[in-house]
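For reference, the structure is listed below as structure tokens.
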Ligand code: ATP
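And the structure:
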């Protein structure tokens with residue numbers, strides 16, 4: 094069983110908390126993604142899991158074992174880095190076999206003649222051969238086993254690094270942005286390979302990325318972090334449809350969720366600028382108390398025309414099958430998102446090629462069926 098349990102895990106670097114009281118449980122065979130902007134502490138958390146960084150306080154358990162005081166080698170975890178970390182002077186086969194050789198390592202393995210002989214013997218044992226062959230087959234590396242890393246593409250090198258992690262057959266795989274050195278196309282195909290790998294090898298995966306698409310497509314659950322703290326821990330769907338605060342709401346989804354200043358008026362409904370909209374059924378229970386709110390609506394839930402809100406086109410971006418239209422509202426304000434991006438314009442996703450031009454007046458209608466409300470402090474208001 095390789096469930097992972099973190100209890101109040103904290104890391105302080107020179108007075109600064111890189112991880113602050115992190116507590117969550119990862120089930121056996123789960124694919125957990127640690128997601129968040131640069132510097133939020135996700136690598137530090139992963140390195141503490143691996144034992145490459147000591148915890149300042151808190152506990153880490155894997156299955157029944159407490160591991161936070163154990164050295165990395167005693168934790169039965171394999172780590173895959175962004176930089177591949179392959180041995181350049183070894184063939185692909187030797188790179189993949191290396192962890193198995195190290196398991197039987199003796200001091201005389203360093204001697205050129207005897208050591209070389211011993212390593213080849215390990216490589217030739219039927220169990221090792223079959224494991225390496227199976228691994229190479231899973232990762233489509235069979236034809237490259239005799240090549241050296243320098244002759245491989247980035248994607249192939251990362252597959253070798255994955256192979257080296259796989260042959261150890263660890264309970265836990267830890268991966269730190271393993272795809273970030275690859276170009277966009279390769280990243281997409283490697284993403285699929287890692288999902289397949291997780292299904293086939295069946296370990297518990299913890300995967301660090303700052304890429305929301307990777308997180309949404311690969312994770313069974315996501316821990317979305319900011320400033321050393323977990324903002325929300327949930328399935329990709331929960332995080333998308335049920336964000337805990339405006340940071341989560343705007344971090345997930347492209348373009349980001351619109352946050353429009355609004356007011357609940359018990360007599361009238363939801364007042365947005367000079368428009369009044371009925372509160373949708375799922376938010377109806379919030380209608381009894383007057384309060385200022387931020388109305389969260391995805392760009393996909395807005396349509397041009399219909400007339401609820403008026404504004405002017407600021408920018409039109411054509412992205413293939415759809416266009417993203419940025420609109421400055423005449424009578425309503427959008428909230429400045431707290432992660433620094435400009436929140437001045439409302440974004441609308443329009444199917445197909447939009448002929449709109451900057452400066453044109455437009456009206457907007459809102460589908461509030463999946464709208465969410467936040468307090469002006471950014472915290473989600475729940476029914
Ligand atoms: P990135 O995606 O840029 O790698 P991250 O979310 O993985 O970011 P970490 O690398 O975990 O973030 O860093 C979290 C914070 O801890 C940062 O402020 C960083 O500067 C700091 N930090 C990380 N490692 C050390 C270290 N060895 N010494 C001092 N500060 C560190």
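Residue numbers (our numbering): 94 to 476.
Heads up, the beta-carbon is just placed ideally off N, CA and C, and yes, glycines get one too.
Item to check | Cross-strand partners of residue 454 (DSSP beta bridge) | outcome: 405
Item to check | Close Cβ partners of residue 473 (< 7 Å) along its chain, the five nearest in sequence each way excluded | outcome: 336, 337, 338, 465 and 467
Checklist entry - Which first and last residues belong to the alpha helix (DSSP H) in which residue 267 is found? => result Counting along the chain, residue 267 falls outside any alpha helix (DSSP H), though it belongs to the beta strand (DSSP E) covering 265 to 269.
Checklist entry - Are the stretch 354 to 371 and the stretch 383 to 390 in contact at 8 Å, needing three or more beta carbon pairs? => result yes
Checklist entry - Cβ of residue 326 versus every heavy atom of the ligand ATP: is any distance shorter than 7 Å? => result Residue 326 Cβ: outside cutoff for every heavy atom of the ligand ATP.
Next on the checklist: Would you call the stretch 250 to 270 in contact with the stretch 166 to 180, where contact means no fewer than 3 C-beta pairs closer than 8 Å?
Outcome noted: yes
Item to check | Residue range of the beta strand (DSSP E) that includes residue 379 | outcome: Neither: residue 379 is in no beta strand (DSSP E) and is coded neither H nor E.
Checklist entry - For residue 448, does the count of other Cβ atoms within 10 angstroms reach 16, so buried, or fall short, so exposed? => result By the Cβ neighbour-count rule, residue 448 is exposed, with fewer than 16 other Cβ atoms within 10 Å of its own.
Checklist entry - Grouping DSSP H, G and I as helix and E and B as strand, with all else coil, what is residue 476? => result coil
Checklist entry - Taking the alpha-carbon positions, what's the residue 454 to residue 408 distance? => result One alpha carbon belongs to residue 454, the other to residue 408, and they sit about 12 Å apart.
Checklist entry - Leaving out the 5 sequence neighbours to the left and right, which residues in its chain are closer than 8 Å to residue 361 when beta-carbon positions are compared? => result Setting aside the 5 residues that flank it on each side, residue 361 is surrounded in the same chain by 369, each with a C-beta closer than 8 Å to its C-beta; the list follows chain order.
Next on the checklist: Suppose you measure from the CA of residue 313 to the CA of residue 186; what does that come to, to the nearest Å?
Outcome noted: 32 Å
Item to check | residue 463, enclosing alpha helix (DSSP H) - first and last residue | outcome: Careful: residue 463 lies outside any alpha helix (DSSP H) and carries neither H nor E.
Checklist entry - With DSSP run on the structure shown, which of helix, strand or coil describes residue 226? => result Under the three-state reduction of DSSP output, residue 226 falls in the helix class.
Item to check | Whole-angstrom distance between residue 469 and residue 425, CA atom to CA atom | outcome: Computed Cα separation, rounded: 15 Å.
Checklist entry - Taking 8 Å as the CB-CB limit, is residue 375 close to chain B? => result Note that chain B does not occur in the displayed structure, where there is just one protein chain.
Item to check | Terminal residues of the alpha helix (DSSP H) in which residue 154 lies | outcome: Element bounds for residue 154: not the alpha helix (DSSP H) but the beta strand (DSSP E), 150 to 155.
Checklist entry - Does DSSP classify residue 251 as helix, strand or coil? => result helix
Checklist entry - Looking at residue 176 and the ligand ATP, is the gap between the Cβ and the nearest heavy atom below 7 Å? => result no
Next on the checklist: Determine whether the beta carbon atoms of residue 324 and residue 301 lie at a separation below 8 Å.
Outcome noted: no
Checklist entry - DSSP on residue 318, reduced to helix/strand/coil? => result Assignment of residue 318 by DSSP, reduced to helix, strand and coil, places it in the strand class.
Next on the checklist: Given this structure, state the Cα-to-Cα distance separating residue 275 from residue 248, to the nearest angstrom.
Outcome noted: 6 Å
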